[in-house]
Amino acid sequence: MLPNLTHLQFFVLSVLLDGQKSGREVRDLLATKHGQKKTLAAFYQLMSRLEESGMVKGWYESKHVEGVTIKERRYEILGSGIKAVEVQESFYSNVSSELNFGGAT
Numbered sequence: 003m004l005p006n007l008t009h010l011q012f013f014v015l016s017v018l019l020d021g022q023k024s025g026r027e028v029r030d031l032l033a034t035k036h037g038q039k040k041t042l043a044a045f046y047q048l049m050s051r052l053e054e055s056g057m058v059k060g061w062y063e064s065k066h067v068e069g070v071t072i073k074e075r076r077y078e079i080l081g082s083g084i085k086a087v088e089v090q091e092s093f094y095s096n097v098s099s100e101l102n103f104g105g106a107t
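Under my numbering, the first residue of the sequence shown is numbered 3, with each subsequent residue one higher.
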């Protein structure tokens with residue numbers, strides 16, 4: 003089965019496998035671990051598409067910062083998102099094995 007995720011979708015879903023995170027945490031991890039820097043608009047459009055596809059759940063939480071209440075967007079991967087990551091990982095693992103990227107000849 004061919005994977006149907008873009009590389010950015012795969013990165014985001016992989017980050018969320020470790021548990022729910024704020025939008026800021028996801029953006030920071032994408033930038034530091036994967037070298038992906040997106041504008042806020044592009045990032046939240048990506049997240050909205052993942053929510054619409056049923057792979058991610060998003061909600062707002064109130065948070066107090068220096069006496070000010072702000073709303074923070076949080077995300078959690080859902081079952082279909084986990085499955086999509088597994089399909090993508092399996093596909094590339096099989097391709098790697100078939101092309102003998104493992105080293106042995």
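Note that the Cβ used here is the ideal one computed from N, Cα and C, for glycine as well. All values reported here derive from a predicted model rather than from experimental measurement.
Query	Result
Pairwise C-alpha distance: L101 and G1	As displayed, the chain neither begins before 3 nor continues past 107, which places residue 1 out of reach and without an answer.
Whole-angstrom distance between L52 and S64, CA atom to CA atom	22 Å
Through-space distance from N6 to A86, alpha-carbon basis	8 Å
CA-to-CA distance, Q90 to T8, given in whole angstroms	10 Å
Proximity below 8 Å, CB of Q22 to CB of E78	yes
C-alpha gap between V28 and L19, whole angstroms	11 Å
Whole-number beta carbon distance between G60 and R76, since they are thought to touch under 8 Å	7 Å
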